[in-house]
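Participant:
2 protein chains.
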Amino acid sequence: MTTYKAPVADTLFILNDVLGYERYSNLPGFADASPDLLDAILGEAAKLAENVIHPLNQVGDHEGCVRHADGSVTTPTGFKDGYDQYREGGWMSLAIPEEFGGQGLPYTVHTAVAEYMSSANMALMMYPGLTQGAIAAILEHGSDEQKQTFVPKMAEGVWTGTMNLTEPHCGTDLGLLRTKAVPTGDGAYKISGQKIFISAGEHDMSENIIHLVLARIEGAPEGVKGISLFIVSKFKLDADGNLGERNAVSCGSLEEKMGIHGNSTCVMNYDEAEGYLIGAENGGLKAMFVMMNEARLGVGLQGLSLGEVAYQNAVAYAKERLQGRSISGAKSPDKKADPIIVHPDIRRNLMNMRAFNEAGRALILWTALKSDVAHRSDVEADKQEADDLLGLMTPIIKGVLTDKGFEHAVMAQQVFGGHGYIEEHGMSQFVRDARIAMIYEGANGIQALDLVGRKLALNGGRAVQTFFKEVGEFCEANRADENMAPFTKGLKKGLNDLQAATMWLMQNAMQKPDNAGAASTDYLHLFGLVALGYMWGRMVKTAQEKIADGSGSSIHEAKLVTGRYFMERIMPETAAHLARISAGADSMMALPEDAF
Amino acid sequence: MTTYKAPVADTLFILNDVLGYERYSNLPGFADASPDLLDAILGEAAKLAENVIHPLNQVGDHEGCVRHADGSVTTPTGFKDGYDQYREGGWMSLAIPEEFGGQGLPYTVHTAVAEYMSSANMALMMYPGLTQGAIAAILEHGSDEQKQTFVPKMAEGVWTGTMNLTEPHCGTDLGLLRTKAVPTGDGAYKISGQKIFISAGEHDMSENIIHLVLARIEGAPEGVKGISLFIVSKFKLDADGNLGERNAVSCGSLEEKMGIHGNSTCVMNYDEAEGYLIGAENGGLKAMFVMMNEARLGVGLQGLSLGEVAYQNAVAYAKERLQGRSISGAKSPDKKADPIIVHPDIRRNLMNMRAFNEAGRALILWTALKSDVAHRSDVEADKQEADDLLGLMTPIIKGVLTDKGFEHAVMAQQVFGGHGYIEEHGMSQFVRDARIAMIYEGANGIQALDLVGRKLALNGGRAVQTFFKEVGEFCEANRADENMAPFTKGLKKGLNDLQAATMWLMQNAMQKPDNAGAASTDYLHLFGLVALGYMWGRMVKTAQEKIADGSGSSIHEAKLVTGRYFMERIMPETAAHLARISAGADSMMALPEDAF
Numbered sequence: 001m002t003t004y005k006a007p008v009a010d011t012l013f014i015l016n017d018v019l020g021y022e023r024y025s026n027l028p029g030f031a032d033a034s035p036d037l038l039d040a041i042l043g044e045a046a047k048l049a050e051n052v053i054h055p056l057n058q059v060g061d062h063e064g065c066v067r068h069a070d071g072s073v074t075t076p077t078g079f080k081d082g083y084d085q086y087r088e089g090g091w092m093s094l095a096i097p098e099e100f101g102g103q104g105l106p107y108t109v110h111t112a113v114a115e116y117m118s119s120a121n122m123a124l125m126m127y128p129g130l131t132q133g134a135i136a137a138i139l140e141h142g143s144d145e146q147k148q149t150f151v152p153k154m155a156e157g158v159w160t161g162t163m164n165l166t167e168p169h170c171g172t173d174l175g176l177l178r179t180k181a182v183p184t185g186d187g188a189y190k191i192s193g194q195k196i197f198i199s200a201g202e203h204d205m206s207e208n209i210i211h212l213v214l215a216r217i218e219g220a221p222e223g224v225k226g227i228s229l230f231i232v233s234k235f236k237l238d239a240d241g242n243l244g245e246r247n248a249v250s251c252g253s254l255e256e257k258m259g260i261h262g263n264s265t266c267v268m269n270y271d272e273a274e275g276y277l278i279g280a281e282n283g284g285l286k287a288m289f290v291m292m293n294e295a296r297l298g299v300g301l302q303g304l305s306l307g308e309v310a311y312q313n314a315v316a317y318a319k320e321r322l323q324g325r326s327i328s329g330a331k332s333p334d335k336k337a338d339p340i341i342v343h344p345d346i347r348r349n350l351m352n353m354r355a356f357n358e359a360g361r362a363l364i365l366w367t368a369l370k371s372d373v374a375h376r377s378d379v380e381a382d383k384q385e386a387d388d389l390l391g392l393m394t395p396i397i398k399g400v401l402t403d404k405g406f407e408h409a410v411m412a413q414q415v416f417g418g419h420g421y422i423e424e425h426g427m428s429q430f431v432r433d434a435r436i437a438m439i440y441e442g443a444n445g446i447q448a449l450d451l452v453g454r455k456l457a458l459n460g461g462r463a464v465q466t467f468f469k470e471v472g473e474f475c476e477a478n479r480a481d482e483n484m485a486p487f488t489k490g491l492k493k494g495l496n497d498l499q500a501a502t503m504w505l506m507q508n509a510m511q512k513p514d515n516a517g518a519a520s521t522d523y524l525h526l527f528g529l530v531a532l533g534y535m536w537g538r539m540v541k542t543a544q545e546k547i548a549d550g551s552g553s554s555i556h557e558a559k560l561v562t563g564r565y566f567m568e569r570i571m572p573e574t575a576a577h578l579a580r581i582s583a584g585a586d587s588m589m590a591l592p593e594d595a596f
Numbered sequence: 001m002t003t004y005k006a007p008v009a010d011t012l013f014i015l016n017d018v019l020g021y022e023r024y025s026n027l028p029g030f031a032d033a034s035p036d037l038l039d040a041i042l043g044e045a046a047k048l049a050e051n052v053i054h055p056l057n058q059v060g061d062h063e064g065c066v067r068h069a070d071g072s073v074t075t076p077t078g079f080k081d082g083y084d085q086y087r088e089g090g091w092m093s094l095a096i097p098e099e100f101g102g103q104g105l106p107y108t109v110h111t112a113v114a115e116y117m118s119s120a121n122m123a124l125m126m127y128p129g130l131t132q133g134a135i136a137a138i139l140e141h142g143s144d145e146q147k148q149t150f151v152p153k154m155a156e157g158v159w160t161g162t163m164n165l166t167e168p169h170c171g172t173d174l175g176l177l178r179t180k181a182v183p184t185g186d187g188a189y190k191i192s193g194q195k196i197f198i199s200a201g202e203h204d205m206s207e208n209i210i211h212l213v214l215a216r217i218e219g220a221p222e223g224v225k226g227i228s229l230f231i232v233s234k235f236k237l238d239a240d241g242n243l244g245e246r247n248a249v250s251c252g253s254l255e256e257k258m259g260i261h262g263n264s265t266c267v268m269n270y271d272e273a274e275g276y277l278i279g280a281e282n283g284g285l286k287a288m289f290v291m292m293n294e295a296r297l298g299v300g301l302q303g304l305s306l307g308e309v310a311y312q313n314a315v316a317y318a319k320e321r322l323q324g325r326s327i328s329g330a331k332s333p334d335k336k337a338d339p340i341i342v343h344p345d346i347r348r349n350l351m352n353m354r355a356f357n358e359a360g361r362a363l364i365l366w367t368a369l370k371s372d373v374a375h376r377s378d379v380e381a382d383k384q385e386a387d388d389l390l391g392l393m394t395p396i397i398k399g400v401l402t403d404k405g406f407e408h409a410v411m412a413q414q415v416f417g418g419h420g421y422i423e424e425h426g427m428s429q430f431v432r433d434a435r436i437a438m439i440y441e442g443a444n445g446i447q448a449l450d451l452v453g454r455k456l457a458l459n460g461g462r463a464v465q466t467f468f469k470e471v472g473e474f475c476e477a478n479r480a481d482e483n484m485a486p487f488t489k490g491l492k493k494g495l496n497d498l499q500a501a502t503m504w505l506m507q508n509a510m511q512k513p514d515n516a517g518a519a520s521t522d523y524l525h526l527f528g529l530v531a532l533g534y535m536w537g538r539m540v541k542t543a544q545e546k547i548a549d550g551s552g553s554s555i556h557e558a559k560l561v562t563g564r565y566f567m568e569r570i571m572p573e574t575a576a577h578l579a580r581i582s583a584g585a586d587s588m589m590a591l592p593e594d595a596f
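The listed protein sequences derive, respectively, from chains L and S.
Position 380, counted from 1, in the first sequence is what the UniProt record's numbering calls 380; the numbers after and before it change by one each time, with no gaps.
Position 327, counted from 1, in the second sequence is what the UniProt record's numbering calls 327; the numbers after and before it change by one each time, with no gaps.
#1: Give the DSSP-derived three-state secondary structure of L/Q132 in the structure shown.
#2: For S/L48 and S/V8, which I take to be in contact (beta-carbon distance under 8 Å), what is that distance rounded to the nearest angstrom?
#3: Output, in chain order, the set of chain L residues within a Cβ distance shorter than 8 Å of S/K319.
#4: Using 8 Å as the Cβ pair cut-off and three pairs as the minimum, do the stretch 540-549 of chain L and the stretch 554-567 of chain S touch?
#5: Fully enclosed by the stretch 46-83 of chain L, which alpha helix (DSSP H) runs are 4 residues long or longer?
#6: Please go through the same chain and pick out, in chain order, the residues whose beta-carbon is closer than 6 Å to the beta-carbon of S/N508, but skip the five residues on each side of it.
#7: Indicate whether the contact test is met: 3 or more Cβ pairs, each with one atom in the stretch 409-416 of chain S and one in the stretch 243-253 of chain L, closer than 8 Å.
#8: Can you tell me whether DSSP reads S/N269 as helix, strand or coil?
#9: Hey, how far is the Cα of L/R325 from the Cα of S/H425?
#10: Does L/A280 come out as helix, strand or coil in the three-state DSSP assignment?
#11: Name the two residues that bound the continuous alpha helix (DSSP H) containing L/E545.
#12: Using three-state DSSP, classify S/K190 as helix, strand or coil.
#13: Starting from L/F406, trace the alpha helix (DSSP H) both ways and give me its first and last residue.
#14: Report the option in L/I581, L/R538, L/T562 whose CA atom is closest to the CA atom of L/D17.
#15: State buried or exposed for S/R23, treating a residue as buried only when at least 16 other CB atoms are found within 10 Å of its CB.
#16: Checking contacts by CB at 8 Å: is S/I327 closer than that to chain L?
#17: Beta-carbon within less than 6 Å of S/G490's beta-carbon, same chain only, minus the 5 sequence neighbours each way: which residues are those?
See below:
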């Protein structure tokens with residue numbers, strides 16, 4: 001019943017016109033994805049997402065996964081076929097280096113494609129999504145042999161990957177984890193323990209599953225300093241890397257969840273499973289964060305993806321559902337009532353989603369470009385700056401885009417009235433699926449702490465200052481342009497609020513750390529608003545140039561309206577965030593625990 | 001797995017100390033519920049809610065209702081027994097007039113009790129809840145015979161009631177409805193048509209079901225002017241009111257919904273069912289609004305109820321879950337980690353919910369008292385003022401308390417991290433159940449339009465002016481009190497924003513009605529913040545008086561902290577609402593429909 005159309009034209013506008021994708025052609029891989037080819041790649045991705053992957057979305061929610069008595073898990077009808085088409089089309093390996101069987105294309109292109117796929121079917125796309133994170137960790141921390149053994153198969157998608165972090169008593173606080181690793185003396189370890197919430201832990205879509213597992217080597221220090229990362233292959237491998245006997249890792253049960261029913265979320269039991277250290281002994285947390293950072297951007301993208309597909313369905317319903325008359329006079333007098341899109345409050349919902357989604361897409365692609373520069377440039381200064389901004393933006397994209405993606409799925413559901421509450425229409429699924437993105441890969445409160453407690457002060461605040469300078473200069477450069485003034489004014493006001501909040505934190509969080517914690521979520525969202533507002537500034541500027549030079553179209557005209565909506569109706573929230581931040585921790589922390 | 005404890009002490013503080021319940025003892029029914037008796041009634045209600053009704057909540061979600069081939073519907077295990085205990089305890093009939101078998105107690109007392117029951121089990125309490133609305137409509141618009149025939153049985157709870165408004169093509173816009181009523185010549189009508197989303201339309205808990213059905217009498221005018229209200233009894237009644245043969249009304253199917261699985265939401269088919277006009281011919285909309293207004297307050301209450309029970313469970317989890325160390329130094333050094341309630345961002349979630357719930361409870365009880373005065377006072381001026389404020393506050397309570405109730409259920413779920421997403425913990429159910437309250441009995445966008453388009457200008461703005469005056473005088477009276485200044489300052493700022501928004505609407509909505517529609521939701525929430533802030537002012541004032549005269553306790557100390565939190569962290573949102581309202585409709589409405 002739901003529909004999805006990949007926003008290819010918008011992606012191309014952002015990449016080609018706003019972000020100047022062609023300027024990066026000197027970076028490895030970019031020449032292989034020229035603007036013409038980019039167009040073709042996104043077109044093909046759109047077809048797959050719309051025609052193959054999306055039609056499986058409601059099926060997946062309805063059927064869910066099934067665990068059998070022998071511990072095997074069956075995915076919903078059609079999932080394996082959909083995954084095979086994705087895999088065989090080479091979509092898994094877009095950005096994987098060519099030496100490991102990938103296509104070496106920009107991460108930016110992978111990101112653009114991943115948005116479409118997650119919009120089409122979030123639960124299905126988690127199987128390859130987790131694999132990407134596992135590949136990243138192996139490429140960064142694995143030995144040459146590990147890379148050669150695992151990555152090509154994973155890039156091809158015949159093997160998939162997982163991340164095994166959480167245990168029943170330990171989620172955020174990984175220092176508490178108990179899973180044990182005992183050296184066998186021949187370079188291997190016996191891994192024992194229980195992991196929970198393991199996405200894609202067991203399923204029927206790939207020949208083998210590569211588990212990356214955090215565990216504590218016998219005698220290791222307590223806390224996070226004693227954690228190591230291991231590779232545990234579902235099937236043991238012989239010397240040539242061929243599949244051998246079953247390893248002692250199994251799915252004990254499937255979690256009954258609020259959403260993403262099509263994804264198998266497993267309790268995984270390790271019973272002296274054969275595992276191999278990846279990276280340094282006791283260096284597991286560092287290796288894990290490679291996966292985690294990759295995954296956090298992917299989860300932020302899921303937030304946008306769900307907000308986008310929910311928006312599209314709300315638009316379709318608002319154009320089709322006839323109810324009431326426009327307050328300014330009948331718009332469809334030949335019909336019994338007007339379509340509800342004529343009503344301002346319905347428009348408010350649609351415009352909120354749209355204004356956010358288009359800027360969110362720009363911010364994700366802007367950040368993905370930073371990732372490409374950070375990993376592929378040979379100019380040290382460029383690499384450092386890009387890496388700074390990538391690290392800074394990661395918690396913001398994860399936290400803000402998933403909070404808003406959920407909020408917008410709820411908003412889209414609201415447009416459907418009572419019909420939105422009925423499962424058949426699919427709007428409830430978007431809400432239920434979007435909900436998890438605020439939680440996993442570090443709940444959004446943790447993202448906020450990462451921003452305030454780590455990223456803000458890192459290298460003397462270098463990343464933040466770089467960002468403030470870029471946005472400030474953009475405002476200054478366009479201040480005198482009367483077409484741009486309405487946009488730079490709102491953006492500058494937001495930037496001022498953000499800088500004031502940053503100053504407040506510097507002055508008040510050192511002597512009283514609770515002030516940082518108390519400010520963190522508001523600071524995250526304040527930062528997000530300014531980053532999104534900056535994207536609107538850039539998009540509007542480009543649209544105006546297009547219109548001025550005669551190459552503009554209705555897309556560009558629409559950008560001016562939507563950008564104005566953002567500045568008028570979304571940007572003013574920065575002041576409330578600043579007020580809350582400046583209130584400090586006192587009233588938040590004053591109640592004694594037993595008063596609750 | 002979930003727990004619930006009725007907040008009796010807080011209800012008593014609000015009723016007795018803040019709102020001066022005893023001052024109303026001259027109103028009918030109030031003398032029968034003296035403060036002592038009130039205490040006893042709430043205590044008994046708490047026991048029933050906590051020990052009988054709440055334990056059925058997760059069962060209801062898990063099992064749902066089942067429709068059998070013959071059209072009958074079975075409710076979840078234990079629901080009938082729970083309902084019977086509720087019914088036999090006389091909880092149905094608390095505020096029903098004594099002449100119709102009720103107890104004639106204040107509606108305020110009924111409201112206090114209803115909060116507990118809905119917190120305990122929203123889906124179960126919808127069966128009696130809908131019955132209350134049907135009773136109200138019959139008492140207001142029914143003939144003496146209809147009142148005598150139906151109300152005593154419904155007050156006793158052996159018969160239940162429903163509201164049948166929505167049809168597949170017509171929800172908000174009732175003018176489109178098609179259900180037909182053909183006079184039979186003997187005073188009855190044959191009702192034919194299909195109704196959807198009918199809560200408690202068919203079930204096994206009562207001997208008979210009294211459907212109040214909107215339909216169009218043959219030859220009636222088009223639109224809402226041609227709608228009449230009918231009583232259709234599931235079993236026809238003989239001359240003595242005894243149950244006779246089955247009427248031609250049946251449940252065609254149950255909707256598969258996101259939540260409230262324990263409530264049977266039916267498609268109801270009327271196939272020349274015998275019905276009787278209630279109220280005037282073509283006067284159905286007016287009669288329906290009696291039910292609707294009652295129901296809207298009830299739904300607002302559901303928002304609070306769900307926010308409260310979700311909050312309580314989040315508090316319990318936050319005290320028990322050990323994860324990480326306090327940023328200001330270990331609080332439980334003897335344990336492996338501190339309980340997560342030590343973390344400011346967790347506190348932020350808890351304090352947001354708490355600050356809102358306590359004020360929401362006060363606002364609902366304040367409004368319920370207005371309802372009692374409006375219906376029971378014999379002083380005309382008091383009645384009018386109370387009725388004005390009741391009408392004004394109804395859309396605010398419905399819209400704001402359900403938006404926030406849902407938001408807080410989501411917030412409470414977030415405190416649980418990954419465990420919140422697992423159905424077993426029950427937090428997902430609170431979110432899924434709370435979601436419907438934003439939609440039914442008029443989606444919240446409709447509440448906002450009711451406020452801006454109808455209530456605001458009614459009688460020359462009399463209600464709004466009364467409210468502004470009351471809040472303004474409260475600020476003025478307490479401005480000089482230095483203990484109160486931090487509270488009156490925030491409240492006054494909010495009131496100023498609300499008055500500025502009201503002025504803007506008066507100046508800009510007449511010549512351009514889209515400006516009213518574009519402002520409506522923000523205006524609703526802005527109004528809600530001021531109303532809740534006013535409740536905080538009143539509560540803090542009372543708490544300070546208690547503390548000053550030596551009768552204060554930890555409850556009163558906590559009010560000062562929570563009230564300050566509200567003023568520092570929630571009240572500042574009024575400025576963003578005002579900014580959005582003042583932006584007008586232009587950027588919201590400018591995009592052509594085909595640009596979406």
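Idealized CB from N, CA, C, for every residue including glycine.
Computed from a predicted structure; not experimentally measured.
Facilitator: Put simply:
#1: helix
#2: Their Cβ separation, rounded to whole angstroms, is 12 Å, which puts S/L48 and S/V8 out of contact at 8 Å.
#3: Those are E593, F596, listed as they occur along chain L.
#4: Too few Cβ pairs lie closer than 8 Å, so no.
#5: 57-63
#6: N515
#7: no
#8: strand
#9: In a straight line, the C-alpha of L/R325 is about 44 Å away from that of S/H425.
#10: coil
#11: Going by DSSP, L/E545 is part of the alpha helix (DSSP H) stretching over 514-548.
#12: strand
#13: 380-415
#14: Looking at the Cα atoms, L/R538 is the closest of the given residues.
#15: Residue burial is scored here from C-beta neighbours: S/R23 has fewer than 16 other C-beta atoms within 10 angstroms and is therefore classed as exposed.
#16: yes
#17: M567, M571
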